[in-house]
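Chains G and U, in that order, give the protein sequences. Going by our numbering, the residue at position 37 of the first sequence is 40; the numbering climbs one at a time, nothing skipped. Going by our numbering, the residue at position 130 of the second sequence is 510; the numbering climbs one at a time, nothing skipped. Glycine included, every Cβ here is placed at the ideal spot set by N, Cα and C. Quick caveat: nothing in here was measured; it's all calculated off a predicted structure. Beneath this line is the structure, given in structure tokens, with notes to follow.
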Amino acid sequence: MHAVADQPLTLRIPLHDDAYAVLADERRWQEEFATVRLPYERRVLAESQLGPQAWVRLTIYTIGEGRAGGVVWIDLASSRPSSAEIITGRALLRAFAADSSERRRLLSRLLLHFVTLEYTVDAERPTWRVPASGGGIGSVLVGGAMNANPAIWNALRADLEQARPSMVVGLRDAGGVPADGRSDGLVTLPVTLGDLQSVHLLGSLDARWRDRFGRHDPRRGYRWFAERFAQLPELPASCFLSSFLRFGDNRTRHRLVPDRLEETELPVYYPKSPAELAGLAAAGLIPVFPGVFWDVSRSDGGDPLTTAGHAHRHLGAFGLTALATADSPTRRANFLLAAAAAAIVAAAGEAGPNDG
Amino acid sequence: MRTATCLGIPVVDGTVVTATYASRRLLGNTAFAGAAVTVQAAIAADGRVTERDLEHACRLQARRFLLQSDGVTAGWSRRGGGLWLALPGMVLGVALIVASLGFWLPAVAGVWLLALRPWLLMRLRRRRPAAVAESPSIAVRRVAHLGIGALREVIARNLEENLAYAEAYEVSRRLGIREAADLYTSLLLDPRPAALAPEDGLWLPDATTVREVLSEAPLAGDEGLKPVEPEMEAIDAEILDADFEASDETGPVA
């Protein structure tokens with residue numbers, strides 16, 4: 004991913020409580036899906052079990068022309084699909100099936116793949132549980148793993164290798180994690196920095212995030228990082244993702260760390276204390292901009308047991324994992340939609356203007 | 381290189397792969413960043429779980445408990461701790477400077493204790509690396525486990541789920557496999573492996589079980605979709621005859 008300027012393109016897929024309820028209602032969704040699916044090319048990649056009677060189907064929906072060469076592959080296939088993930092997938096399908104000039108512009112530039120995992124009609128549906136109980140950033144990251152079912156993962160991997168996407172986005176519901184406070188979520192990007200630099204950066208996080216009087220100072224940390232790594236291509240993309248997640252359409256202004264959260268701003272996660280920084284360092288995450296973290300847990304490109312990490316390492320794709328952590332499922336779905344929108348707009352900007 | 385153990389605990393129609401309690405603790409004390417772990421996958425000596433499936437599940441289990449660490453953050457002492465350690469020395473430094481009465485040696489010692497030593501301690505603490513650089517990986521090695529083999533036999537010979545889990549619970553208690561005993565307790569309360577908590581392990585279907593593909597079972601929203609038969613026009617018999625005659629003109633094909 005090369006430099007991404009603040010794109011003139013935009014994409015909003017808001018999901019209010021009423022819309023969430025409609026998408027969660029199987030009967031109403033079935034009626035709507037008959038129309039929604041028409042513009043998509045649809046393939047069933049695999050069918051497997053999460054338990055003896057819990058059958059799920061992995062489906063990929065493809066849309067767009069991709070004239071500018073950008074291919075975005077969005078994975079909503081977590082090990083145990085949550086209602087927020089299922090509804091995020093449906094909302095994305097519905098959004099891109101709708102006709103609007105903005106979406107036409109995006110679809111002319113990009114080829115979009117949406118990979119969804121849903122229970123079959125006659126399947127037993129186990130109660131969804133938070134991927135990892137307990138607090139801390141580690142518990143959030145557990146939810147970002149690739150699908151645990153080997154049959155599904157093999158199908159995902161095979162399709163990734165076939166599609167060769169330029170960007171891979173994993174959207175995951177990490178549930179309401181108490182340690183994460185009131186934030187809606189975070190985004191991690193696998194980045195290859197090399198062993199020495201990674202270890203040095205993780206080791207010096209605490210020092211960089213302090214002012215001259217030794218107090219925890221996120222502004223100073225973010226500013227130091229932005230100056231130090233200005234030449235890395237992932238930095239502008241991270242900056243764009245952060246501002247898009249926080250401000251959406253109102254992203255013309257940009258503050259490194261919000262003083263006060265506003266109505267229009269998504270409260271994304273950023274480390275608010277030295278203890279949280281220590282947790283991030285242990286997990287191999289570097290805070291780059293509010294809500295955006297570089298995953299340097301492995302020297303050759305982040306955590307390989309995430310879809311984004313796998314794609315980054317094996318296919319050289321720009322990877323991104325969005326983890327929703329809010330208490331309410333509607334807010335989690337909204338965060339995942341905002342992350343998907345940010346990634347799609349970033350990819351469209353990277354692909355360049357080619358509206359035909 | 382850390383070593384951890386995952387157990388492939390047999391259940392009806394499958395296997396639940398879970399890390400041992402000791403391994404969870406061990407992995408919890410290891411930083412995820414740069415961690416190198418070898419996982420021993422202890423399972424029954426039968427071919428019900430494929431190598432690849434087992435590796436995948438064990439890697440994800442190791443990842444889970446590496447990330448859910450608490451010991452790593454505990455290893456980072458608070459920044460103020462260094463200053464507290466240096467404080468008695470600083471007090472002594474002030475005392476030495478006051479008591480030096482112009483003699484240079486105690487005065488220099490006082491300056492060292494008062495300023496230079498705390499400064500040096502702070503610098504060193506800042507540079508402490510977060511993780512030891514190893515070649516990071518999670519490797520999996522399969523080993524046969526007699527106890528797990530005994531549990532597999534118990535599960536296989538009982539047709540009733542609850543009876544199987546009750547007997548397997550007894551056997552696992554007798555063999556001292558606490559992880560299995562706890563798992564069977566959960567399954568006695570709710571026999572659906574899909575309903576287990578994510579921490580309890582990953583369920584894998586038996587490789588020997590035929591994996592039915594539910595291509596007939598519709599997905600939500602599929603009801604309106606029917607395979608479209610291509611519309612074919614009925615071909616007139618006369619046209620067929622005409623084509624046949626035309627090909628005859630070219631002569632028979634050898």
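Ranked by Cα distance from SER566/U, the first of GLY556/U, ASN409/U and GLY581/U is GLY581/U. At a cut-off of 8 Å between beta carbons, SER566/U makes no contact with chain G.
Three or more pairs of CB atoms, one per stretch, sit closer than 8 Å, so the region 321–338 of chain G contacts the region 185–192 of chain G. Close CB contacts of ALA402/U within its chain, under the 8 Å cut and outside five residues either way in sequence, are with THR385 (chain order).
Within the region 158–188 of chain G, no residue places its CB atom closer than 9 Å to a CB of chain U. Taking 8 Å as the cut-off, the beta carbon of ARG93/G is found closer than this to the beta carbon of LEU26/G. For the pair ALA350/G and ALA341/G, the Cα-to-Cα distance works out to about 14 Å. Setting aside the 5 residues that flank it on each side, GLU44/G is surrounded in the same chain by TYR64, THR65 and ILE66, each with a C-beta closer than 8 Å to its C-beta; the list follows chain order.
Close to ALA57/G, with beta-carbon spacing below 8 Å, are these residues of chain U in chain order: ARG572 and ALA574. In this structure, the CA atom of GLY352/G is about 12 Å from the CA atom of GLY69/G. Comparing alpha-carbon positions, the option among ARG522/U, ALA519/U, VAL520/U and LEU555/U lying closest to VAL534/U turns out to be LEU555/U. By DSSP's assignment, GLY188/G forms a beta bridge with VAL271/G and ALA327/G.
Under the DSSP assignment, ARG60/G falls in the beta strand (DSSP E) whose first and last residues are 58–67.
Among the residues facing chain U, ARG132/G is included, as its CB has a counterpart in that chain under 8 Å away. Nearest CB-CB separation between ALA413/U and chain G: below the 8 Å threshold. Pairing HIS19/G with ALA49/G, the inter-Cα distance amounts to about 32 Å.
Take TYR273/G, set aside five residues on each side of it, and the residues of its chain with a beta-carbon closer than 7 Å to its own are PRO221, VAL260, PRO290, PRO293 and GLY294, in chain order. In the three-state scheme derived from DSSP, where H, G and I count as helix and E and B as strand, GLN165/G is classed as helix. In this structure, the straight-line span from the alpha carbon of LEU568/U to that of TYR545/U is close to 6 Å. The residue among SER51/G, ARG31/G and PHE117/G with its C-alpha nearest the C-alpha of ALA346/G is PHE117/G. Within chain G, the residues placing a beta-carbon under 8 Å from that of GLU579/U are ALA135 and SER136, ordered along the chain. Collapsing the DSSP output to three states places PRO293/G in coil. Rounded to whole angstroms, PRO498/U and GLY217/G show a C-alpha spacing of 14 Å.
Contact between the region 127–137 of chain G and the region 314–323 of chain G is absent, with fewer than three C-beta pairs closer than 8 Å. Proximity of chain G to ALA437/U at the Cβ level (cut-off 7 Å) is accounted for by ALA151, in chain order. Think of a sphere of 9 Å around the beta carbon of PRO390/U: no beta carbon from chain G falls inside it, the nearest being about 13 Å out. The shortest C-alpha to C-alpha distance from ARG132/G to any of VAL145/G, ASP125/G and PHE36/G is the one to VAL145/G. In the assembly as shown, PRO17/G is an exposed residue. Its beta-carbon has fewer than 16 other beta-carbons within 10 Å.
GLY224/G counts as buried, since no fewer than 16 other beta carbons sit within 10 angstroms of its beta carbon. Per the coordinates, the alpha-carbon of GLY427/U lies some 19 Å from the alpha-carbon of ASN538/U.
For TRP227/G, the uninterrupted alpha helix (DSSP H) run begins and ends at 221–231, by DSSP. Annotated three-state conformation of GLY388/U is strand, per DSSP. Runs of the alpha helix (DSSP H) lying entirely within the region 475–560 of chain U and spanning at least 4 residues, in chain order: 484–491, 497–506, 526–537 and 541–555. Flagged as an interface residue toward chain G: SER449/U, by a C-beta distance shorter than 8 Å.
Ranked by Cα distance from VAL172/G, the first of ARG335/G, GLY147/G and TRP156/G is GLY147/G. Taking 8 Å as the cut-off, the Cβ atoms of LEU308/G and LEU440/U count as close.
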